[in-house]
Amino acid sequence: MPPNEPIRRCILSGERDERGRLIRLALSPDGLVLPDAAARAPGRGAWLAPDRAALENAISKHKLKGALSRAFKSGDIGWPDDLPDRIANALQRQVLDRLGLEARGGTLVTGSDRISDAIAAGRARLLIHAADAAEDGRRKLDGRLFAARGETGIELPAGRAELSLALGRENVVHAAIVEKAAADRVATVLLRWRAYSGLNKRAVACESGSQGSSPVETL
Numbered sequence: 001m002p003p004n005e006p007i008r009r010c011i012l013s014g015e016r017d018e019r020g021r022l023i024r025l026a027l028s029p030d031g032l033v034l035p036d037a038a039a040r041a042p043g044r045g046a047w048l049a050p051d052r053a054a055l056e057n058a059i060s061k062h063k064l065k066g067a068l069s070r071a072f073k074s075g076d077i078g079w080p081d082d083l084p085d086r087i088a089n090a091l092q093r094q095v096l097d098r099l100g101l102e103a104r105g106g107t108l109v110t111g112s113d114r115i116s117d118a119i120a121a122g123r124a125r126l127l128i129h130a131a132d133a134a135e136d137g138r139r140k141l142d143g144r145l146f147a148a149r150g151e152t153g154i155e156l157p158a159g160r161a162e163l164s165l166a167l168g169r170e171n172v173v174h175a176a177i178v179e180k181a182a183a184d185r186v187a188t189v190l191l192r193w194r195a196y197s198g199l200n201k202r203a204v205a206c207e208s209g210s211q212g213s214s215p216v217e218t219l
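Written out as structure tokens, the structure is:
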């Protein structure tokens with residue numbers, strides 16, 4: 001995350017966190033609330049913690065309408081019935097697009113041998129496994145990365161078919177990011193997608209001391 005990343009507040013839980021760890025919703029011209037994963041749509045936004053269960057609970061208990069009305073300062077608001085799925089798809093698309101950009105930019109390597117070489121050379125900054133990667137392959141690469149950096153790989157909430165398509169390569173099961181800034185870019189969006197998918201707990205900085213002086217904003 002960039003230093004002093006602006007802080008946003010989840011409209012459902014009231015949690016405050018860096019905007020890159022939350023999900024932005026934007027209002028379309030016809031009053032429909034849609035996901036804005038890249039947080040680039042114009043106008044006022046509403047922010048959600050990446051917690052699909054909490055969102056679905058708010059919808060089922062009719063609490064989302066009020067939260068959105070307060071965030072957008074309008075009562076004329078609706079959302080598609082499949083909003084949770086649309087958010088999941090937007091987060092997936094953002095991660096896979098990001099990985100494709102890193103591959104084309106030369107900061108991503110694939111294949112067990114090339115990844116092992118990158119780990120041995122101290123270049124591997126982030127290791128990613130497809131959801132359907134074989135356990136022995138994961139264990140081998142995780143062991144090498146842990147010996148080198150004290151870290152293990154992260155499972156993608158998608159299989160090798162989706163990963164391969166995103167990278168424009170065949171049968172990609174593992175990938176490694178070999179540049180720090182690129183690893184930070186990928187980790188930010190990947191961890192958010194994983195959190196929304198229920199695969200990992202978010203580390204939410206709720207204490208004021210860990211927040212620095214970043215302002216709380218709604219845009």
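Numbering of the sequence shown is given in the UniProt record's numbering, commencing with residue 1 and proceeding in unit increments.
Just so you know, even glycine gets a beta-carbon here, dropped at the ideal spot from N, CA and C.
Query	Result
Determine the DSSP secondary structure at Ile7, reduced to helix, strand or coil.	strand
For Gly31, tell me which candidate among Lys140, Lys73 and Ala187 has the shortest Cα-Cα distance.	Lys73
Ile11 to Ser28, Cα distance in whole Å?	18 angstroms
Span of the beta strand (DSSP E) holding residue 220?	No answer is possible for residue 220: the residues shown for the chain start at 1 and end at 219.
Could you tell me the distance, in whole angstroms, from the CA atom of Glu15 to the CA atom of Pro157?	25 angstroms
Given a cut-off of 7 angstroms, decide if Leu108 and Asp102 are closer than it, judged by their beta-carbon atoms.	The identity of residue 102 in the sequence shown is Glu, whereas the question assumes Asp. Cβ distance < 7 angstroms, so Glu102 and Leu108 count as in contact.
Just to confirm before moving on: does the CB-CB distance between Pro35 and Ala90 stay below 7 angstroms?	yes
Let's test the definition: count the other Cβ atoms within 10 Å of the Cβ of Asp17 and tell me whether it reaches 16, buried, or not, exposed.	buried
What residue from Arg70, Phe146 and Ala147 has the CA that sits closest to Trp47's CA?	Arg70
Indicate whether Arg8 and Leu22 have their beta-carbon atoms separated by less than 7 angstroms.	yes
Just the C-alpha distance for Ala38 and Gly111, rounded to the nearest angstrom, thanks.	29 angstroms
First and last residue of the alpha helix (DSSP H) that includes Pro84?	Leu83 to Arg104
Here's a check: name, in chain order, each residue in its chain whose Cβ is nearer than 6 angstroms to the Cβ of Leu190, leaving out the five neighbours to either side.	Val95
Evaluate the contact criterion for the region 124 to 133 versus the region 145 to 154: three or more CB pairs, one atom per stretch, below 8 angstroms.	yes
Is the beta carbon of Gly188 sitting closer than 7 angstroms to the one on Gly45?	A small correction: the amino acid at residue 188 is Thr; Gly does not occupy that position in the sequence shown. In this structure, Gly45 does not lie closer than 7 angstroms to Thr188 by Cβ.
Going by CA-CA distance only, name the one from Ile154, Asp184 and Ile87 that's closest to Leu25.	Ile87
Is the distance from the Cβ of Val178 to the Cβ of Ala130 below 7 angstroms?	no
For Gly100, I'd like the list of residues in its chain whose CB is within less than 8 angstroms of its CB, leaving aside the five on either flank, ordered along the chain.	Ala166, Leu167 and Gly168
Excluding the 5 residues flanking Ala67 on each side, which residues of the same chain have their C-beta closer than 8 angstroms to its C-beta?	Ile11, Leu12, Ala46 and Ala58
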